[in-house]
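In what follows, a structure is listed as C-alpha cells, so that the remarks can point back to it.
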Amino acid sequence: MAKDDLSTHLKYVGTRPDRPDGLDKVTGRARYGADIAAAGMLHAAVVRSPHAHARIIKIDTSKAEAVAGVKAVVTRADFPTGLTGEDWNLQENTMAGDKALYDGHAVAAVAATTSLLAKEAAELVEVEYEILPHVTDVDEAIKPDAPVIREGAADASVPEGMPANVVKYMEFGHGDIEAGFAEADLVMENTYKTEATHQGYIEPQACMGQLGKDGKGEMWVSTQGHWYIRKMSAAVLGLEASQLRVTPSEIGGGFGGKTTIFMEPLSLALSKKAGGRPVKIVMSRAEVLRATGPTASASMDVKIGMKKDGTLTAARAEFRMQGGAFPGAPVDMALYCAFAAYKLPNVEHIGYDVLANRPKCAAYRAPGSPMGAFAAESLLDEMCHKLGLDPLEVRKKNAVREGDKSSYGPKFGSIGLIETLDALENHPNMQAPLGPNQGRGIATGYWFNHGGETSVSMAISEDGTAQVSVGTPDIGGSRASIALMTAEALGIPYENVRVNVVETGALGVNEPTHGSRATFASGKAAVESTNQAIAEMCRRAAAEWGIAPEAVEWRDGAAHPAGPNAGDFPPMSIQEIAVKMGETGGPISGHHEGNLDGVGASFGAHAVDVEVDPETGRTTILRYLVVQDAGRAIHPAYVEGQYQGGAVQGIGWALNEEYIYDDKGRLQNPVFLDYRIPVASDLPMIDTVIVEVPNPGHPYGVRGVGETGITPPLPALANAIQNAVGVRMRDLPMSPVKVLAAIKAQNG
Amino acid sequence: MSKIHVQTIVNRDPVEFLADPRETLLDCLRDHLGLTGSKEGCGTGDCGACSVTVDGTLISSCLMLGVEAGGKSIETIEGMAQGEDLHPLQRKFIEHAAFQCGYCTPGILVAAKNLLEKNPSPTETEVRYWLAGNLCRCTGYDKIIRAVMDAAEEMRGAA
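Which chain is which? The protein sequence lines are A and B, in order. Quick note, the first sequence lines up with residues 1 to 748 if you use this note's numbering. Quick note, the second sequence lines up with residues 749 to 907 if you use this note's numbering.
Here it is in C-alpha cells:
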C-alpha cells in the first residue's frame with residue numbers, strides 16, 4: 001500500500017529472504033559476548049554494594065590479593081581523577097567513589113585464573129560502609145527533606161530553591177494554555193505513575209578486554225555500538241579512544257540497554273594491572289537487573305481540555321522522573337512524545353529529572369515515550385468516556401498531518417498517522433464481538449527515529465558479488481535489510497551481497513544501533529556507497545567501449561550504452577566488469593560517511609481486547625493488533641517482528657514488570673522468576689498491519705520501525721481494562737493484585 | 749576443590765572432562781567441551797536459554813551439576829543438524845524469521861524438538877505452554893509458535 005510508484009519497480013526490497021546470519025544462529029555457531037576465549041585469559045568478578053546509599057569508609061583488598069591465582073584487584077583508586085560531566089557520571093557508575101549510590105553499585109573487581117576463583121576472592125574483599133538514609137521513589141526523592149544523593153549535581157536549568165535531587169528542569173510549550181482550557185467543555189486532570197522496567201535482553205552483558213601499559217588495548221563486547229563503548233571506556237580510564245580497538249560480538253538483545261558502558265572498563269583496568277592478560281567479565285542476571293540501566297520511573301500530572309465534539313483545546317503535562325543516582329531520565333523525550341499525535345493550539349510541558357538511589361538508567365526502546373503515552377492516552381480515553389465519544393473518532397479528529405506544528409514545536413514532515421488510524425479502524429479485530437468482562441482499548445504511539453553519525457563502505461569482489469561493511473550491530477535482521485537495499489541498487493541477487501558488521505578499526509565513527517536507525521542510516525549509506533561503485537563500473541565500461549561515461553547507464557546488474565550516439569554495445573554485466581577490474585584500474589568500491597538527515601517519524605496505533613477475571617484481577621489478552629507506519633518495509637518479516645516484540649515488551653510493562661525495593665532500598669526481584677517478563681503462554685498471536693507512507697528522506701522510503709511499538713500497549717491495556725470491568729488503572733503495573741483491589745473498591 | 753573425571757555422551761560422541769564439583773553442566777559444556785551454543789541467560793532455571801536433553805528429558809543445564817552427567821546421553825543444539833542438513837525446526841525458524849537476536853534460539857529449538865518427539869501434533873496452546881519456560885525478549889513469540897507449528901506439520905507429512 002505504498003503511496004508512490006517506486007514499489008512497482010522494486011525487485012528485492014519488500015521480499016522476505018532468509019537472513020544471512022540465520023544458519024549461524026540456529027546451529028549455535030554464532031558467537032555472542034560470553035562465547036569468547038583467548039590464550040592467558042583471566043576471569044573477573046565484581047564486588048557490589050548491598051546498600052542503597054552508603055559512605056565507603058574503607059576497602060581492604062589484601063585478603064583477596066593473597067589468594068593464589070588472583071592476578072589483579074581494582075577499586076576506584078585505580079581510576080584517573082578530575083573527570084567532569086557525563087564522563088564523571090560514567091566513571092562513578094562503573095566504580096563507586098566516596099559513596100555507594102544504589103544496591104548493586106560496583107565497589108571493587110577481581111581478576112583470577114578461573115571464574116570460580118574470582119568469585120571466591122571477591123567475597124574476601126572487605127568493605128566498611130556507613131549506611132546513609134536512602135530514597136528510591138521519585139515523589140519521595142523530589143521532596144525538600146529527602147536524602148540528598150549528591151550536592152551540586154543540578155545543571156544550570158534548575159531554578160534556585162528547588163529540592164536538591166532535582167538535577168534538570170524544563171518548561172516549554174506554545175499558545176495560551178489558560179485560554180485553551182477556558183474554551184473547553186470538559187477539563188480533566190489526573191496523576192499517573194509508571195514503575196521502572198528493564199530491557200530484559202536474554203544475554204547478560206559480557207566482554208573481554210585487554211590493555212597494556214602503553215595504553216593500547218582491545219575489546220570484544222556484546223554491544224549495540226562499539227564506537228560508543230570505545231569512547232566511553234577510554235574517557236573513564238583516561239585513555240585515547242583511538243588506541244582501543246573494539247570488536248562487537250553477536251548481540252543477544254539490547255533494546256537500548258547496550259548503548260552504554262557498565263563493567264566494560266573494568267576488564268581493561270584489570271587487564272592493565274594483570275600485566276596485559278585478557279580479562280573476561282560476564283554478568284549474572286542479578287547483576288544485570290541490579291546494576292545495568294533499567295528505564296526511569298515516572299510520576300505524571302496531565303490536564304486536557306476538550307470540546308463536546310472531541311476537539312482538543314489545550315493540554316498540560318508535568319512529569320517527574322527518576323533515572324537512578326545520575327542525571328539522564330528521559331523526561332524531555334516523554335514530554336515531547338506525550339501529545340505528539342494531536343494538533344494542540346495551546347500546550348505546556350514541565351519536567352523534572354530527579355536523582356534517587358537506583359541504578360543509572362539507560363535507554364530503553366523509545367525512551368520516555370511509553371510513560372508519556374500512558375499518561376496522555378489514558379486521560380484522553382477517560383475524557384471520551386465522560387463525553388460519550390468514540391475514542392478512535394476523537395483521535396482521528398485531532399490527528400496531526402504533514403505540515404502541522406507538533407506539540408513539542410517543530411513542524412511535521414511526511415507522516416502517516418491518519419493512514420495508520422484508518423488501517424486500524426478497518427481491521428477485522430475491531431469488529432470482533434466482546435463478552436462479559438471483556439473490553440477493547442486503543443492508543444497511539446510516537447517515535448522520532450534517528451539518522452546520526454554513520455560510516456559505511458562497500459566493495460565489488462572479483463566474482464561480481466558485493467561486500468558491505470557496516471558499523472551498526474545486527475540486533476534483529478539488519479544484515480538482511482541492508483543486503484536487500486544493496487541488491488536492489490546494484491541489480492544483483494540478494495544472495496550475492498554479503499553484509500559484515502566490522503570493528504572500530506575498519507570504518508569511521510558509527511553511532512550505535514539505536515534510535516531505530518540501523519536500516520535507515522546504514523541502509524542509506526550503503527545505497528550511497530553502492531551508487532559510487534556503480535558510477536565507477538560505468539566508467540570502466542565506457543572506457544572499454546570508447547564512449548563517454550555519461551553515455552552509460554546502470555540497470556539490472558549491468559552497464560548499458562544509453563542515449564544518442566552511445567553506440568550499440570551489448571550490456572556489460574557486473575561479473576564481466578569485476579573479473580577484469582585488476583587490469584582496468586584496480587579495485588572497485590564505494591563509501592559514504594555523514595551525519596545522516598532525512599529522518600521520518602513513525603506513528604503507531606494498537607488495539608487490544610482483554611478479559612479481566614473479576615475474582616483474581618488477572619488480565620488475559622484475547623487479541624492484539626499493531627498498526628504502524630514503516631515508510632517502507634524492506635524485509636517485512638523483520639518489520640512485523642519489531643512490531644510484535646515491541647508490543648509484547650509494552651504488555652509486560654503494563655501488566656507485570658516492575659522494580660520492587662524493600663524498606664532498605666534493596667532490589668527484591670533481581671531474577672527472571674520474580675521479574676517476570678511475558679512468556680509464550682501469556683499471549684495470543686500479535687496481529688500486524690504495516691502501513692507504508694514512504695519517507696522522502698530515504699532512497700527506499702524507510703522510516704525506522706524499532707521503537708514506536710513499545711509505547712501504545714501501556715495506555716491501550718489501561719483503556720481496555722476500564723472497558724472490561726469499569727476500573728481505571730493509573731499506576732503501573734496493572735498486576736492482578738492491583739486490578740482486584742480496584743474492582744473491590746468499585747464494588748464497595 | 750579437586751576435580752572429578754566425568755565420562756559421558758554428548759551429541760552421540762563419547763566425551764570426557766574434569767569438572768569442579770561446583771560447575772554446572774552448562775559450564776562444563778561451554779568451558780570444557782567448547783559447546784557454546786547453549787547460553788546462560790539467568791543461571792536460575794528461569795529462561796531456558798541453556799536447554800538441553802539428558803537421556804531424552806528436557807532440562808535447564810544451568811540447574812544440573814556437570815559431575816552428574818556421567819554415563820548419560822546429552823543432546824545440545826550443536827547435535828541438532830545432521831551434518832549439513834538442518835532439522836526441519838531449524839529451517840522453519842529461519843524461514844519464519846522466528847528470531848531476532850538469536851540468543852534464546854538454541855534453547856527454544858532444543859525444547860521444541862523435544863516437544864515434537866513427544867507430541868507430533870501439538871495445538872498452539874500446547875506449544876505455548878511447552879515453551880513457557882523459554883524466554884524470548886525480541887519476538888513476542890508469534891513467529892516462534894508459527895515456526896514450530898509449521899515444522900510439526902512438515903514432519904508429520906514426511907513421517
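Beta carbons are placed, not taken as given, at the ideal position from N, Cα and C, and that holds for glycine.
Each of A:92, A:741, A:341, A:264 was checked against the Cα of residue 616 (chain A), and the nearest Cα belongs to A:741. Residue environment: residue 217 (chain A) is assigned as buried (16 or more neighbouring CB atoms within 10 Å of its CB, all protein chains considered).
Taking a C-beta cut-off of 9 Å against chain A, the contacting residues of the region 874-894 of chain B are 875, 876, 877, 878, 879, 880, 881, 882, 883, 884, 885, 886, 887, 888, 889, 890, 891, 892, 893, 894, listed in chain order. When C-alpha distances from residue 895 (chain B) are compared across B:907, B:835, B:866, the shortest belongs to B:835.
Taking the C-beta atoms as reference points, residue 487 (chain A) is found no nearer than 8 Å to residue 102 (chain A).
Note on geometry: alpha-carbon atoms of residue 525 (chain A) and residue 592 (chain A) lie some 5 Å from one another.
The Cβ-Cβ distance between residue 798 (chain B) and residue 786 (chain B) falls below 8 Å.
Using a C-beta cut-off of 8 Å, the region 428-444 of chain A makes no contact with the region 460-475 of chain A, since fewer than three inter-stretch Cβ pairs fall below that distance. DSSP lists A:559 as the bridge partner or partners of residue 554 (chain A). For residue 875 (chain B), the three-state secondary structure derived from DSSP is helix. Chain-ordered, the chain A residues with CB closer than 7 Å to the CB of residue 857 (chain B) read 26. Between the alpha carbons of residue 89 (chain A) and residue 306 (chain A) lies a distance of about 43 Å.
For residue 302 (chain A), the enclosing beta strand (DSSP E) starts and ends at 297-306.
Inter-residue distance for residue 40 (chain A) and residue 278 (chain A) is about 7 Å (C-alpha atoms, whole angstroms). Annotation: the continuous alpha helix (DSSP H) that includes residue 419 (chain A) extends over 417-425. Contact with chain A is absent for residue 767 (chain B), since none of that chain's Cβ atoms lies less than 8 Å from the residue's Cβ. Contacts with chain B at 8 Å (Cβ-Cβ) do not include residue 573 (chain A). Straight-line spacing of the CA atoms in residue 299 (chain A) and residue 136 (chain A) works out to 13 Å.
Cβ-Cβ distances below 7 Å link residue 186 (chain A) to 306, 383, 386, 387 in the same chain, with the five nearest sequence neighbours on each side left out; the list follows chain order. Taking residue 585 (chain A) as the centre and dropping the five residues before and after it, the same chain places the C-beta of 540 closer than 7 Å to its C-beta, in chain order.
Following the DSSP letters along the chain, one finds residue 446 (chain A) inside the beta strand (DSSP E) bounded by residues 438-447. Nearest to residue 626 (chain A) by C-alpha distance, out of A:664, A:614, A:697, A:712, is A:712.
DSSP places residue 675 (chain A) outside both helix and strand once states are collapsed to three, so it counts as coil. DSSP assignment within the region 806-873 of chain B yields the following whole beta strand (DSSP E) runs of 3 residues or more, N-terminal first: 821-823. Here the alpha carbons of residue 371 (chain A) and residue 113 (chain A) stand approximately 45 Å from one another.
Here the region 507-515 of chain A does not lie against the region 653-666 of chain A, with fewer than 3 beta-carbon pairs under 8 Å apart. Distance between residue 359 (chain A) and residue 256 (chain A), taken at the CA atoms: about 15 Å. Counted as a single uninterrupted DSSP element, the alpha helix (DSSP H) harbouring residue 380 (chain A) occupies residues 369-387. In this structure, the beta-carbon distance from residue 840 (chain B) to residue 899 (chain B) falls below 8 Å.
For residue 572 (chain A), DSSP records a beta bridge to A:559.
The region 182-202 of chain A makes contact with the region 643-660 of chain A: 3 or more CB pairs, one atom from each, lie closer than 8 Å. Counting only runs of 3+ residues, the beta strand (DSSP E) found wholly inside the region 242-288 of chain A occupies 244-248, 279-282, in chain order. A direct Cα-to-Cα measurement between residue 421 (chain A) and residue 313 (chain A) gives close to 21 Å. Interface with chain A (8 Å Cβ-Cβ cutoff): residue 787 (chain B) is included. Counting only the Cα atoms, residue 222 (chain A) lies some 19 Å from residue 522 (chain A). The beta carbons of residue 310 (chain A) and residue 397 (chain A) sit closer together than 8 Å.
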